[in-house]
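**Q** Here the sequence shown is numbered in the working numbering, starting from -5 and rising by one per residue.
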Amino acid sequence: MDVRLDGRNALITGASLGLGKAMAARFAEAGAGIAMLARRAEVLEEARAEIAAAHDAEIRTYVCDVGDADEVARAFARVSADFGQVDILVNNAGTSRTGRFLEIDDETWQADLDLKLFAAIRFARLALPDMIARRWGRILNVLNTAAKAPPGGSAPTSVSRAAGMALTKVLANEGAPHNVLVNALCTGSFVSDQRHRLHRQTRPDLSFEDYLAETGKSVPLGRVGEADEFANLACFLASDAASYLTGTAINIDGGRSPVV
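1) Spatial neighbours of residue 118 within its chain, please: C-beta separation below 7 Å, excluding the five flanking residues on both sides.
2) Quick one: grab the DSSP three-state call for residue 27.
3) Quick check on DSSP: helix, strand or coil for residue 167?
4) Can you tell which of 21, 196 and 139 has the C-alpha that lies nearest to the C-alpha of residue 213?
5) Is residue 122 helix, strand or coil when you go by DSSP?
6) To the nearest angstrom, how far is the alpha carbon of residue 65 from that of residue 240?
7) If you check the beta carbons only, do residue 174 and residue 162 fall under 8 Å apart?
8) Measure from the alpha carbon of residue -4 to the alpha carbon of each residue in 25, 14, 6 and 77, then state which is nearest.
9) Just confirm the distance between the C-beta atoms of residue 87 and residue 109, as a whole number of angstroms; I'd bet it's less than 8 Å.
10) What residue from 114, 167 and 248 has the CA that sits closest to residue 157's CA?
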């Protein structure tokens, strides 16, 4: 299947590294214009240059802390002015912040909700009116499988992500009459910058390759996923090929989640 996004523009948060960068590259390959958002200008520019060298697409970068409402509004206005319209919104920004419930203070809760939930709410609120008016839009919320099956010690991330899954369903039901499709992708273990950080924090005694092999033992497919594999599914969901698919939360985790 030749999945194409020609004539579409995508806004991707958390786009400088990992899954966000992989989605930006895959969408650019499919013909979309790309607005890449992240907090660090230098890392963003490095990612943009790498993707632009491989694909003939309009790619622009925007420094934005998506946990800040004012920055979200300013960034969206700039993207809209530069591209004319946002057809595809990918709410991808986030970190894996976890701890024991009784040890998590209000500041940590609020920061996590601002980054993962309220950023998605604010961007969707900005993007939806024009999508509805044009009768075409795609919103992808990147969550994780703990949104469906949260273990102990997984807050605040699992709680923020579970709220993101509910948001996905609400937006899907409200957007469906206007051909605005909204889906979530629930991640498992992927090779990413975050995975490198976990390696340094938890198993610095192992090489990164050995760490991935060890991590992959808990995955039914026997390995950690590649960012490109995630990006392929995201590209399909953003395309016309997925025209009858909305309101879903798809596990992309090698079969590890205990729930479907």
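Heads up, the beta-carbon is just placed ideally off N, CA and C, and yes, glycines get one too.
**A** Let's see:
1) 83, 133 and 165
2) strand
3) helix
4) 139
5) helix
6) 29 Å
7) no
8) 25
9) 6 Å
10) 114
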